[in-house]
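First up is the structure itself, then whatever we jot down about it.
Number of protein chains: 2
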Amino acid sequence: MTALGDRGPVVVVGGGPAGALLAILLARHGHHVDVYESRPDLRRADIGSGRSINLALATRGIAALDAIDVMDRVEEITIPMRGRMVHLDDGATNFQPYGLHDSDIVHSVSRNALNAILLDAAEETGRISLHFEMRCRSVDFDASTARFTNAFDQIVDVGFGTIFGADGANSPVRGSMLQVNGGRFREDVLEHGYRELTIPANPDGSHRLDPHALHIWPAGGFMVIALPNPAGDFTATIFLPHTSNDGPSFASLETRDEVESFFAEHFADFAPLVPDLVDDFFDGPVGDMSTIHVQGWSWADQAVLVGDAAHGIVPFHGQGMNAAMESGLVLDQHIRDRPLDLAAAFAAYEAGRRPDADAIGDMALQNYIEMRSDVVDPDYLLKRELSLELEKRHPDRFAARYGMVMFHTMGYAEAETRARRQSRVLDQLTARARSIDDIDWDLAGALVSILDPLP
Amino acid sequence: MTALGDRGPVVVVGGGPAGALLAILLARHGHHVDVYESRPDLRRADIGSGRSINLALATRGIAALDAIDVMDRVEEITIPMRGRMVHLDDGATNFQPYGLHDSDIVHSVSRNALNAILLDAAEETGRISLHFEMRCRSVDFDASTARFTNAFDQIVDVGFGTIFGADGANSPVRGSMLQVNGGRFREDVLEHGYRELTIPANPDGSHRLDPHALHIWPAGGFMVIALPNPAGDFTATIFLPHTSNDGPSFASLETRDEVESFFAEHFADFAPLVPDLVDDFFDGPVGDMSTIHVQGWSWADQAVLVGDAAHGIVPFHGQGMNAAMESGLVLDQHIRDRPLDLAAAFAAYEAGRRPDADAIGDMALQNYIEMRSDVVDPDYLLKRELSLELEKRHPDRFAARYGMVMFHTMGYAEAETRARRQSRVLDQLTARARSIDDIDWDLAGALVSILDPLP
Numbered sequence: 001m002t003a004l005g006d007r008g009p010v011v012v013v014g015g016g017p018a019g020a021l022l023a024i025l026l027a028r029h030g031h032h033v034d035v036y037e038s039r040p041d042l043r044r045a046d047i048g049s050g051r052s053i054n055l056a057l058a059t060r061g062i063a064a065l066d067a068i069d070v071m072d073r074v075e076e077i078t079i080p081m082r083g084r085m086v087h088l089d090d091g092a093t094n095f096q097p098y099g100l101h102d103s104d105i106v107h108s109v110s111r112n113a114l115n116a117i118l119l120d121a122a123e124e125t126g127r128i129s130l131h132f133e134m135r136c137r138s139v140d141f142d143a144s145t146a147r148f149t150n151a152f153d154q155i156v157d158v159g160f161g162t163i164f165g166a167d168g169a170n171s172p173v174r175g176s177m178l179q180v181n182g183g184r185f186r187e188d189v190l191e192h193g194y195r196e197l198t199i200p201a202n203p204d205g206s207h208r209l210d211p212h213a214l215h216i217w218p219a220g221g222f223m224v225i226a227l228p229n230p231a232g233d234f235t236a237t238i239f240l241p242h243t244s245n246d247g248p249s250f251a252s253l254e255t256r257d258e259v260e261s262f263f264a265e266h267f268a269d270f271a272p273l274v275p276d277l278v279d280d281f282f283d284g285p286v287g288d289m290s291t292i293h294v295q296g297w298s299w300a301d302q303a304v305l306v307g308d309a310a311h312g313i314v315p316f317h318g319q320g321m322n323a324a325m326e327s328g329l330v331l332d333q334h335i336r337d338r339p340l341d342l343a344a345a346f347a348a349y350e351a352g353r354r355p356d357a358d359a360i361g362d363m364a365l366q367n368y369i370e371m372r373s374d375v376v377d378p379d380y381l382l383k384r385e386l387s388l389e390l391e392k393r394h395p396d397r398f399a400a401r402y403g404m405v406m407f408h409t410m411g412y413a414e415a416e417t418r419a420r421r422q423s424r425v426l427d428q429l430t431a432r433a434r435s436i437d438d439i440d441w442d443l444a445g446a447l448v449s450i451l452d453p454l455p
Numbered sequence: 001m002t003a004l005g006d007r008g009p010v011v012v013v014g015g016g017p018a019g020a021l022l023a024i025l026l027a028r029h030g031h032h033v034d035v036y037e038s039r040p041d042l043r044r045a046d047i048g049s050g051r052s053i054n055l056a057l058a059t060r061g062i063a064a065l066d067a068i069d070v071m072d073r074v075e076e077i078t079i080p081m082r083g084r085m086v087h088l089d090d091g092a093t094n095f096q097p098y099g100l101h102d103s104d105i106v107h108s109v110s111r112n113a114l115n116a117i118l119l120d121a122a123e124e125t126g127r128i129s130l131h132f133e134m135r136c137r138s139v140d141f142d143a144s145t146a147r148f149t150n151a152f153d154q155i156v157d158v159g160f161g162t163i164f165g166a167d168g169a170n171s172p173v174r175g176s177m178l179q180v181n182g183g184r185f186r187e188d189v190l191e192h193g194y195r196e197l198t199i200p201a202n203p204d205g206s207h208r209l210d211p212h213a214l215h216i217w218p219a220g221g222f223m224v225i226a227l228p229n230p231a232g233d234f235t236a237t238i239f240l241p242h243t244s245n246d247g248p249s250f251a252s253l254e255t256r257d258e259v260e261s262f263f264a265e266h267f268a269d270f271a272p273l274v275p276d277l278v279d280d281f282f283d284g285p286v287g288d289m290s291t292i293h294v295q296g297w298s299w300a301d302q303a304v305l306v307g308d309a310a311h312g313i314v315p316f317h318g319q320g321m322n323a324a325m326e327s328g329l330v331l332d333q334h335i336r337d338r339p340l341d342l343a344a345a346f347a348a349y350e351a352g353r354r355p356d357a358d359a360i361g362d363m364a365l366q367n368y369i370e371m372r373s374d375v376v377d378p379d380y381l382l383k384r385e386l387s388l389e390l391e392k393r394h395p396d397r398f399a400a401r402y403g404m405v406m407f408h409t410m411g412y413a414e415a416e417t418r419a420r421r422q423s424r425v426l427d428q429l430t431a432r433a434r435s436i437d438d439i440d441w442d443l444a445g446a447l448v449s450i451l452d453p454l455p
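First to last, the protein sequences are chains A and B.
The opening position of the first sequence corresponds to residue 1 in the working numbering, with each subsequent residue numbered one higher.
The opening position of the second sequence corresponds to residue 1 in the working numbering, with each subsequent residue numbered one higher.
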């Protein structure tokens, strides 16, 4: 019925990584694109001296950035992490590489620095106008207008032909759309929250820990992690239940003494890395995490959601931004596949992509348990070793679960189902062996042959 | 944007099993439905004394007939077939049951008798008007009119809001739609054709062969099959290459002598069952078979295809009508899932259903080889026996391929992928065993445990 641009202006709400990338993809169809972002331009505004929020950039995100030709610029601001550095109770460390190959790398990247590159690239197209400090309030689909408030809190109504909601987990576009399209929304709030802490650089500017690893201090029911920044510091995050009846929680850490003794007890080798640990701990509110499930990602040829607005996930797999940018790429491909029928393209996008969004939502939750406790469990470690060995012996059929999510571009749902089958292979083999030396490799070969060939 | 009926009249083109069933499903949304059928009303017209065309009705078709509450009537006209009766060269027979369970039955049913029940049921809704001898010529989507020619060859233009193309493999609705929706069409014509023959009843009205079986006379590169009719006769079909350089073909059977000696050589025990075999053979043209692939099953909220119009397949799995009726059910469910957005429902229907259509198209082609040659191959027979034994031992994870298509309602694509994995299990086990008695059942259990649990 309608192609992109037929109904009128192409509007993207949200100028974060998902929105900026999508705008560039849409501009390549030959249309002018208006991007409305609620915050000030992070390239110009003073964003303060606070800690840098960094994210894990992996293959899916890189594929999206490659598609808009900015990876050369992004590479300059990333730090490669080759595996997990697990910090054990006794102060020892156990390095667990992410994969077998040199390319099995996760890149630590500053969200703001990446966003700045994408905003620059958007402006360079000559087809994208960025409008900052425009906070979306609601969308009127009958009138085809979106209501914003500007920096002076004045109401501004903007006409659109098609509106793309890249406006995050609390998406106002989604809020208005679900009132007309009969869709459903569910937010599963995690019972755990997080606080960020900073491990500063050494006086000479070097990193205080190996910068080419993601550091984990697992503590069973909770954990601390740290990702490197190019300036020599690490952004650390403590994940902990909001409240608990039988263990530490943010609610139980109200005084300076409580915080100090908590870190001394559970994170003795981490605590010395953060000067002013207690002040840092109390700086700012406890963050919430949730998984957002939406059914009804689009409304006719008028609106469609991408990124957290459609599928917000918890951060434990480091896939939130990767998934958001990959969704932009998938949506763009559907528009190219059905160039004359935008409504059908949007519906097909949801039909194809929602199972993947559900899968990464699940796997992100599972990965919290893996990071905070499994990484020191002997059964897990044997299966991890076996998994990498099977990948080495049968690269055509077996790929370790983590790698399928991080270093492949197969659909997340496929990665999840493959992982489930593979874990049955691992179960069969480890039920008959106490160490990697006892594995029956003939049986392993037969079992692996049942798995589907990798794409 | 629009719900069913919002744009205007609901029109179904085609009053065969797929169209009649779909009309009933659509009428249940509360709308009046007009059905246009090119042929005369088969319940009233003299359809001649020609042979009855019968079809295989299995679980998917039954599920659709159940959904419109006509199975009690349909049951009265079906003959249960419990397996394949394979007629060997030496005149012996080998009965191969379709499955392990009493309910693993395929029903032989007359296409016309089934269609008559569906047309009656359509009229009984009080919401469906049937228009016979109205041949669709083309559809004008700008004007929202469909052009028909009536019995007097006069042009009749009919306005529609939404048009459903259940108009068969040569679908005129599809022809017009693909000109506007940018879709693609491919017809893979099989190099083999078919002719129908009749095995009459015994003088006392009884069947000349076991009526509770589908009879096969496999001949390697070609075959004869026969399905029972309630009147005591069988409709037999010979499948043969149209032309061939190195074997028999319809082109090589031009004279009475050639036909007689061909049957004497290849189907010595079948030939005596058909009196006037040669006359019967030459009665009517050789039939063509093809697989129809369509990308772009719908156009906005205006048109959508079901059945052969969207996914014509070859007859060797006995699934053509089952798939057509199941597609009606699937489409109806998508309309119910997105009641306010018909265009999105249509797009989601294609996105979800096309992989299944592709899968049954593939499997129907494969089944020709299975029927005409594998059914007498020792390796195939061992795997078939093993497959049923594994289904018996591991009913939660293993289901013989044929049964997944015929006696389950899981998506065809899922059935095909499961079958592929299962065949690797069979390969592993039979590579280590010469008969069912040599099978390593421990290994079998380990291999089967890798398969996904059945739904």
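Ideal placement from N, C-alpha and C gives every residue a C-beta, glycine not left out.
The structure presented is a predicted model; accordingly, all values stated were derived computationally and were not measured.
query: Can you find a C-beta in chain A that's less than 8 Å from the C-beta of residue 298/B?
result: Residue-level contact by beta carbon holds for residue 298/B and chain A, with a gap shorter than 8 Å.
task: Look at the Cβ atom of residue 305/A, then the Cβ atom of residue 180/A, and state whether they are nearer than 8 Å.
output: In this structure, residue 180/A does not lie closer than 8 Å to residue 305/A by Cβ.
task: Could you work out which residues of chain B lie near residue 352/A, taking near to mean beta carbons separated by less than 7 Å?
output: The contacting residues are 351.
query: Since residue 187/B sits in a beta bridge, which residues does DSSP pair it with?
result: Beta-bridge pairing links residue 187/B to 292/B.
field: residue 70/B vs residue 35/B beta-carbon contact at 8 Å
entry: For residue 70/B and residue 35/B, no; Cβs fall outside 8 Å.
- prompt: Shorter than 8 Å from the beta carbon of residue 439/B to some beta carbon of chain A?
  reply: Proximity of residue 439/B to chain A, defined by a Cβ-Cβ separation below 8 Å, is not satisfied.
- prompt: Is residue 139/A close to chain B, meaning its C-beta is less than 8 Å from at least one C-beta of that chain?
  reply: The beta carbon of residue 139/A sits no closer than 8 Å to any beta carbon of chain B.
query: For residue 173/A and chain B, any beta-carbon pair shorter than 8 Å?
result: Not one chain B Cβ lies under 8 Å of residue 173/A.
- prompt: Within 10 angstroms of its Cβ, does residue 346/A collect 16 or more other Cβ (buried), or is it exposed?
  reply: Counting every other CB atom within 10 Å of its CB across the protein chains shown gives residue 346/A a total of 16 or more, marking it as buried.
task: Return the residue from the list 284/B, 183/B, 132/B and 144/B that minimises the CA-CA distance to residue 167/B.
output: Among 284/B, 183/B, 132/B and 144/B, the Cα nearest to that of residue 167/B belongs to 132/B.
- prompt: Looking at the structure shown, is residue 137/A part of a helix, part of a strand, or coil, going by DSSP?
  reply: Three-state DSSP puts residue 137/A in a strand.
query: When the Cα of residue 146/B is compared with those of 137/B, 379/B and 384/B, which residue comes out closest?
result: Residue 146/B has its Cα closest to that of 137/B, out of 137/B, 379/B and 384/B.
Strand pairing of residue 96/A, partner residues [DSSP]: According to DSSP, residue 96/A bridges with 84/A.
query: How would you write the range of the alpha helix (DSSP H) that residue 196/A sits in, first residue to last?
result: Unbroken run through residue 196/A is the beta strand (DSSP E), 192–199; no alpha helix (DSSP H).
- request: Compare the C-beta of residue 182/A against all C-beta atoms of chain B and say whether one is closer than 8 Å.
  value: Contacts with chain B at 8 Å (Cβ-Cβ) include residue 182/A.
query: Under a three-way DSSP split, which group does residue 457/B fall into?
result: This structure cannot settle anything about residue 457/B, because the visible part of chain B is limited to 1 through 455.
message: Measuring straight from C-alpha to C-alpha, what distance separates residue 262/B and residue 285/B?
response: Rounded to the nearest angstrom, the two C-alpha atoms are 18 Å apart.
- request: Please list, in chain order, all residues of the same chain as residue 49/B whose beta carbon is under 8 Å from its beta carbon, the five residues on each side excluded.
  value: Summary for residue 49/B: the model assigns pLDDT 44, below 50, so the residue's position carries little reliability; its value from the coordinates is reported in the next sentence. Within the same chain, residue 49/B has no close Cβ partners at all.
field: Limits of the beta strand (DSSP E) - the one that residue 305/A falls within
entry: Per DSSP, residue 305/A is one residue of the beta strand (DSSP E) stretching across 303–305.
field: Cross-chain neighbours of residue 339/B in chain A, by beta carbon under 7 Å
entry: Simply 182.
field: Residue burial classification, residue 162/B (beta-carbon count within 10 angstroms, cutoff 16)
entry: A buried status is given to residue 162/B, since no fewer than 16 other beta-carbon atoms sit within 10 Å of its beta-carbon.
- prompt: Does DSSP put residue 49/B in a helix, a strand or coil?
  reply: Note that residue 49/B scores a pLDDT of 44, beneath 50, so its modelled location is shaky and nothing firm can be said.
query: Quick one: what does DSSP say residue 70/B is sitting in, helix, strand or coil?
result: The answer is coil: DSSP assigns residue 70/B none of H, G, I, E or B.
message: 8 Å is my cut-off, CB to CB: does residue 456/A come that close to chain B?
response: Residue 456/A is absent from the model: chain A starts at 1 and stops at 455.
field: Counted within 10 angstroms of its Cβ, other Cβ atoms place residue 341/B as buried (16 or more) or exposed
entry: With 16 or more other Cβ atoms within 10 Å, it is buried.
field: Beta-carbon proximity check, residue 299/B vs residue 310/B, cutoff 8 Å
entry: Contact: no.
task: For residue 155/B, collect the residues of the same chain with a Cβ closer than 7 Å to its Cβ; drop the 5 residues on either side in sequence, then sort them by chain order.
output: So the list reads 147 and 149, once near-sequence residues are dropped.
message: Looking at chain B, is there any beta carbon in it that lies within less than 8 Å of the beta carbon of residue 105/A?
response: So no, residue 105/A is outside the interface.
- prompt: Would the beta-carbon of residue 413/B fall within 8 Å of that of residue 355/B?
  reply: Yes; because the gap between Cβ atoms is below 8 Å, this pair is in contact.
field: Check whether residue 218/A and residue 86/A have beta carbons under 8 Å apart
entry: With contacts defined by Cβ atoms closer than 8 Å, residue 218/A and residue 86/A form a contacting pair.
query: Pairing CB atoms from the region 3–11 of chain B with CB atoms from the region 84–103 of chain B, are three or more of them under 8 Å?
result: Because the criterion of three Cβ pairs below 8 Å is not met, the region 3–11 of chain B and the region 84–103 of chain B do not touch.
- request: Could you list which residues in chain A have their beta carbon closer than 8 Å to that of residue 450/B, in chain order?
  value: Correct list: 421, 424, 425, 428, 447, 450 and 451.
query: Counting contacts by CB-CB distance shorter than 8 Å, is residue 443/A in contact with chain B?
result: For residue 443/A, a Cβ of chain B is located within less than 8 Å of the residue's own Cβ.
message: Please report the distance separating the alpha-carbon of residue 292/A from that of residue 29/B.
response: Those two C-alpha atoms are separated by around 32 Å.
- request: For residue 441/B, name the three-state secondary structure that DSSP assigns.
  value: In this structure, residue 441/B counts as helix in the three-state DSSP scheme.
Through-space distance from residue 158/A to residue 135/A, alpha-carbon basis: Each residue's alpha carbon lies about 12 Å from the other.
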